[in-house]
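Chain order of the listed sequences is A and B. Reminder that position 505 of the first sequence reads as 505 in my numbering, one-by-one numbering, no gaps. Position in the second sequence (from 1) plus 1000 gives the number in my numbering. C-beta atoms are modelled at their ideal positions from N, C-alpha and C, and glycine is treated no differently. Structure, as C-alpha cells:
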Amino acid sequence: MSQQSAEAHAPGEVGHALVMPEPKRDVLARRAAIIADLRAIVPGEGVIDSTIEMRPYESDGLTAYRQLPLAVVLPSDTAQVSKVLAYCHANGVRVVPRGAGTSLSGGALPLEDAILLGMGKFNRILDIDFDNRTVTAQPGVTNLGITNAVVHEGFYYAPDPSSQIACTIGGNVAENSGGVHCLKYGLTTNNVMGVEMVLITGEVIRLGGQHLDSGGLDLLGLIVGSEGLLGVVTEVTVRILKKPETARAVLVGFPSSEAAGECVAAIIAAGIIPGGMEMMDKLAIEAAEAFVKVGYPLDVEALLIVELDGPEAEVNHLIERVSQIASGLGCMTLRASTSEEERMAFWAGRKAAFPAVGRISPDYYCMDGTIPRKALPRVLAGMIEMSEKYGLACANVFHAGDGNLHPLILYDANKPGELERAEAFGRDILLLCVEVGGVLTGEHGVGVEKRDLMGSMFDETDLAHQQRLKCAFDADGLLNPGKMFPQLHRCAELGRMHISGGKLPFPDIPRF
Amino acid sequence: MTDAAPVIDRLRPRDEAEVVETVRWAVSDGRTLDVAGTGTKRALGRHIQTDATLDLSALTGVTLYEPAELVLSARAGTPVAEIEALLAASSQMMAFEPMDYGPLLGRPRGEGTLGGLMATNLAGPRRPFAGAARDHALGVRAVSGRGEAFKAGGRVVKNVTGYDLPRGLSGSYGTLAAFTELTIKVLPRPETLETLLIYGLDDATAAKAMSAAVGSYYDVSGAAHVPFALAGRIPALALAGTSVTALRLEGVPPSIRHRREKLEGLLGGFGGLGHLEAEASAALWAALRDVEPFAGDLARAVWRVSTAPMAAAAIGATVVQAGGACFYDWAGGLIWIEMPDADPRAELVRGAVAKAGGQKSGGHATLVRADAAARAALDVFQPLDPVTGALVKRMKDGFDPSRVLSPGRMYAGV
C-alpha cells in the first residue's frame, strides 16, 4: 500500500485487523541478553536497539502497518550474516530480512519479537563481466545501480520496477520484481543467474553463477520470489543486455477502454511483442496531464503507450504496423514519437502517474492484480460498481501487455473509516481478479497485505505443498513469519501422511 | 542403447483422480513408481529400478489456448508435436525451442510429451535470449508423492502469488510430483530467419566473435560454434571444409537485412563470412538443437555442460585432448561433448568444468548418454555440496516422504 501520508495508527503497533504471529514471550524477556550476544557478532553501530533509532525501520512501503522490531541488525559481510542467523536459529529468535524497505505488500514489516536484518551495508558491485554479460552485486545495490555500472558500455539490467532508484537487487530477488518491460524481457527470475545465500542454520550455499539453468533441481527458481521466507541472499549474479539501438513509442487515444484493450490484443495477435505497452484510464490521464503537462489528449477514455525497441529498421517497420492496427480499430488520436525527447514525454506522464494521483487525493492505495487481458472490460465495469459502493474514486494504470493492473484507490486517511473502505475496495478488486482467472499479485508480492486472501486462489492442499518447501528450508518458521501464508502449520504436522493403509487396486485403471 | 525394462507393471491412469489413486496405492503398498509420459527420455538420469511405471500418456489434450493472451494449457501427456502444430497454425511457438532428445538417445523424433518437456526443463539454441522451459512455466497441476493433487502458479504471465513451484518443479524429473496439467507462456513465431557464418575460427576466437555478436545491438537469437572435426556431420555445414561459427537472425525481413549488414561490418575481421537462407538455416539450427552430430554412434558417452561462455574453450580443449569431440551452443555457454567410447570419464569432464569456471562461473556437467551400468554407478547430475544435498533431501521428504516417485532418478536417496 503506498499511502503517502497515512498516519492512521499510533506508532509502535500494527494497524487494523491484521493478525501477526503471537510474539514469543521468552524472546521478549531475553531481549537485553540477545542484543548483547548480537553485538558480539556485529560490533559497533551494527546493532540498533533504541526506540528512536529504530523508528525509521518500523514500516516498509506499506505504511499503514508499523511495528518496532526487537532490534535492528546491520551486518556487513556474509560471515556476520551466517553467525547472526546461526545464533537466531539456536536461540529461537525470529528474523525479518530487509533491503531498502520499499515493499508495497508489507513483506519487510517488522515483528515485535524479531530482529530486522537490514542488508543496506551490502552495497558493492563485485564483478562486471562484459564478455559473459553478467554483473555480480551485493544484495543492497539498487536496481538502477546495476544499470548505472554498465551503461558506459551500452548495457543495462532489464527488470525496471518503478521504485528502481531505491529498491535493491536483493529485494528484487525476494519479490521477483517486474516493471514495464517484462513482457519482452522477463521478470527478475528470468534475469537472475546465481545467488549466494545463507540458510537460517547459518550454512552458506551458492546456486547458479555465470551459467544458465540448474544442473539439478531448480532451487534458484524457488528462491526468487520467496519473499524472504527461505533464506538471506548475500550475493546476486544477473545477466545484462545491450541497450536496444532504438526505441520509439506511439501514443494512442481511444473512446473506450474496451477499444484500447482490443488494440492490445490485435498487436499481440499480429506477432508483435512491444518493449512496453501501458494503458491509462481517464482519471489517470487527467491527473498525469495536470501534473506534467506533456500533451496527453484529454477527450479520450483510454490512452495506450506502445513502445517498440530494437534495431532501427525493425522499430520503424513495426511502428508503421502498430499505427495501422490502431487506426483500424477506431482510435481518436495517434502520435508516433519522432525524437527521443518526444518519446520521453510520452512516458513522463505514465511514470508520474502515481505522484500525479497523489496530487488530487490526500492518500491513495495502489493495488496489483493480474488478469487475462480479455477480462479487462468486466474488471473495469466491476471496479466502477465498487467505486460507487465504497464511495471512493479509482484511477487505473495497467501494464496492458501482461495484464498487470494497478488500480489506485483515492481516499483520505484523516476521514474516519476511509482507509478501511479503501482496503475493502482493494480486497474486492483482487477477488474479482481471481474470479476472472487472474491472480492476487503480479509484482508487489503477497507479504502481509494479501496473505489472508491466499485462500481465494489456493486450497488447503495447495498451500500445504507450498509450506512443505518452507519446512525444507526453515523448519522452525523463524524467517519472516506472518508473511505470505494465512496460517503457518507446524512442519511436523505437515509431514504426516494421511493415507489409510490397504490395497485399493483401482479396478478401473488400465494396467499392462 | 537399450535399457533393460525395469518394469513389472505399467499403470495408465486416465485422469488426475486416477493418478492420485495410483500414487496412494503405491504409498500404502510400499511400491515405487517410474514417472513417465511416453518414455522417450527414460535413458536420461540415473538408472533406477521401480516396481511399476506411472504412465501419464493417457492424460492428453490441450485444455486452453488463447493466442492473444499468449497462454496455453494442456494435460501432461499431450504430445509436444501436437502442441507445436497447434501453435504454428496461429504463427506462435514455444520460444524456448525445446530440443528433441530422440536422435541422441536412439529413438524416433517427435514422440515426447509436454510433461516430459517440463520435467527435464528442455531448451534450445534460443536459451540465452528467450529462456528455457522453466522460464515459460506459468502454472502446474500435479500429484505429489503424498498422493495429493495440488496446483501452483496461474494462467497469466505476471504472477508472484506464492512460491514459484511451477519453476521449482521444472527439471525435477518426476522426483517430487507427477505433472497432470501444465500452463505455459507462448510467443509469436518470427516471420523468417537467416544465418551469418564465420569460417575457420578456433574455439577461443569463436567465443570472442560470438560474445561480440551477442553483445551488439543486432539481436542475435542463436550463436553456435562447430569445430572442423564435427562440421562434416551437419549437412548444412558439410561443404565448409573448416570450422563454422553460426549466428542466427530472426524477425521481419527489413530488420534481418539491416542487422546482417551491421554484423558483417562488426565481425568481418574475424574470418571469412558466408550466410544461409531461411530453409538451410532452419535445418542447421534444428540439427544443433537436437545434437545430431552425436546421433551416429549411440555407444559413445555424451555430456551436456553449462558454463560461462568465455570458460568454454578451455573445457573443450581438455575434451579434445582426451580424444573426445565437442561443439558449442548458447554463445559458448552450452557444450555438447562426445567421448571417444562408452567410458564417460566423469572426473576428467567435471574437473575441466570446475577448473575453467571456478567459483565465480560455477557450471555443471550432466551425463546425458551412457549405458545403464554407468548411469547407476556415476553421478549423472552435477554432484551437490553437502548442505545443498541435505536441502534437496528435505524437499523430497516434504513432497514424497515414502520415496515413491522415481526415487534415485536424480540423486541417490532422493
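Return the CA-CA distance between A1004 of chain B and V195 of chain A, expressed in angstroms with no decimal places.
With a pLDDT of 48 at A1004 of chain B, under the threshold of 50, the modelled position of this residue cannot be trusted, and the question is left open.
D402 of chain A to I384 of chain A span [Cα, whole Å]
22 angstroms
Out of A:I200, A:A413, A:E258 and A:T237, which has the shortest C-alpha to C-alpha gap to A90 of chain A?
A:I200
Beta-carbon separation (whole angstroms), L241 of chain A vs F155 of chain A, contact threshold 8 angstroms:
7 angstroms
So that I know if they touch, is there some Cβ in chain A lying closer than 8 angstroms to that of G1362 of chain B?
yes
Note down, one range per segment and in chain order, each beta strand (DSSP E) of at least 3 residues found wholly within the segment 1186 to 1273 of chain B.
Considered as a whole, the segment 1186 to 1273 of chain B harbours 1192 to 1199, 1220 to 1226 and 1244 to 1251 as its complete beta strand (DSSP E) runs of no fewer than 3 residues, in chain order.
Chain B contacts made by the segment 194 to 215 of chain A, where a contact means CB separation under 8 angstroms
Closer than 8 angstroms at the C-beta level to chain B, one finds these residues of the segment 194 to 215 of chain A: G194, L199, E203, V204, I205, R206, L207, G208, G209, Q210, H211, L212, D213, S214 and G215.
The alpha helix (DSSP H) enclosing W1330 of chain B, as first and last residue numbers
It is not in any alpha helix (DSSP H) - W1330 of chain B carries neither H nor E in the DSSP assignment.
Cutoff 7 angstroms; reference P181 of chain A; Cβ partners in own chain excluding five residues on either side
Correcting the residue type first, residue 181 of chain A is His in the shown sequence and not Pro. Taken in chain order, the residues that qualify are A158, D160, G275 and G276.
Any chain B beta carbon closer than 8 angstroms to N132 of chain A
Chain B contact via Cβ: present.
Shortest alpha-carbon distance to L144 of chain A belongs to which of A:I325, A:I169 and A:S327?
A:I169
For L68 of chain A and E22 of chain A, which I take to be in contact (beta-carbon distance under 8 angstroms), what is that distance rounded to the nearest angstrom?
Going by Cβ atoms, the distance from L68 of chain A to E22 of chain A rounds to 17 angstroms, so no, they are not a contact pair.
To the nearest angstrom, report how far apart A400 of chain A and K470 of chain A are at their CA atoms.
Between the C-alpha atoms of A400 of chain A and K470 of chain A there is a straight-line separation of about 33 angstroms.
Which chain B residues sit within Cβ distance under 7 angstroms of R427 of chain A?
Neighbours of R427 of chain A on chain B: none; closest Cβ ~14 angstroms, over 7 angstroms.
Do three or more CB pairs link the segment 438 to 455 of chain A to the segment 1109 to 1120 of chain B at distances below 8 angstroms?
Cβ pair count under 8 angstroms is below three, so no.
Just the Cα atoms here: how many angstroms apart are E7 of chain A and F425 of chain A?
Its pLDDT being 36, under 50, E7 of chain A is placed unreliably by the model, and nothing is read from it.
Considering only the alpha carbon of each residue, which of B:S1144, B:V1392 and B:Y1163 lies closest to Q466 of chain A?
B:Y1163
Can you round the beta-carbon distance between G271 of chain A and S1091 of chain B to whole angstroms, since I take them to be within the 8 angstroms contact cut?
The C-beta distance from G271 of chain A to S1091 of chain B rounds to 6 angstroms, short enough to fall under 8 angstroms.
Does K415 of chain A get closer than 8 angstroms to chain B when you measure Cβ to Cβ?
False, the Cβ-Cβ gap to chain B never drops below 8 angstroms.
Could you say which of B:R1409, B:W1303 and B:I1315 lies nearest to L1370 of chain B if we only look at CA atoms?
In the sequence under discussion, the amino acid at residue 1370 of chain B is Ala, which differs from the Leu named in the question. Cα-wise, what sits closest to A1370 of chain B is B:W1303.
Close beta carbons around D412 of chain A, own chain, < 8 angstroms, minus the five adjacent residues each side
Around D412 of chain A: S361, P362, D363 and E418.
Let's test the definition: count the other Cβ atoms within 10 Å of the Cβ of P75 of chain A and tell me whether it reaches 16, buried, or not, exposed.
buried
Quick one: list the residues of chain B neighbouring C182 of chain A, beta-carbon separation under 9 angstroms, in chain order.
V1157 and K1158
Within its chain, find whatever has a CB closer than 6 angstroms to the CB of G1413 of chain B; leave out the 5 residues flanking it on each side and keep chain order.
none
Considering only C-alpha positions, which residue in the set A:A375, A:T147, A:M497 and A:R66 is nearest to A265 of chain A?
A:A375
Starting from A1089 of chain B, trace the alpha helix (DSSP H) both ways and give me its first and last residue.
V1080 to A1089
Closest to E340 of chain A by C-alpha separation, out of A:T102, A:E245 and A:R427, would be which residue?
A:E245
Contacts around P1108 of chain B, its chain only, beta-carbon distance under 7 angstroms, and the 5 residues preceding and following it disregarded:
G1102
Could you pull out every unbroken beta strand (DSSP E) segment of at least 3 residues lying fully inside the segment 1372 to 1398 of chain B, listed in chain order?
none
Applying a beta-carbon distance threshold of less than 9 angstroms, which residues of chain A neighbour H1258 of chain B?
Those are P311, E312, A313 and E314, listed as they occur along chain A.
Report the rounded CA-to-CA distance for I223 of chain A versus G231 of chain A, giving the unit in angstroms.
8 angstroms
Alpha carbons only, please: which of B:E1250, B:G1358 and B:K1151 is nearest the one belonging to E460 of chain A?
B:K1151
So for A1365 of chain B, helix, strand or coil by DSSP?
strand
If the cut-off is 8 angstroms on Cβ atoms, which residues from the segment 359 to 385 of chain A count as contacting chain B, listed in chain order?
Near chain B, meaning a CB-to-CB distance below 8 angstroms, the residues of the segment 359 to 385 of chain A are T370, I371, P372, R373 and K374.
Residue span of the beta strand (DSSP E) that contains D1029 of chain B, given as start and end
No beta strand (DSSP E) holds D1029 of chain B; the alpha helix (DSSP H) holding it covers E1016 to D1029.
With contact counted as at least three CB pairs below 8 angstroms, one residue from each stretch, are the segment 33 to 49 of chain A and the segment 70 to 87 of chain A in contact?
By the criterion of at least three beta-carbon pairs nearer than 8 angstroms, the segment 33 to 49 of chain A is in contact with the segment 70 to 87 of chain A.
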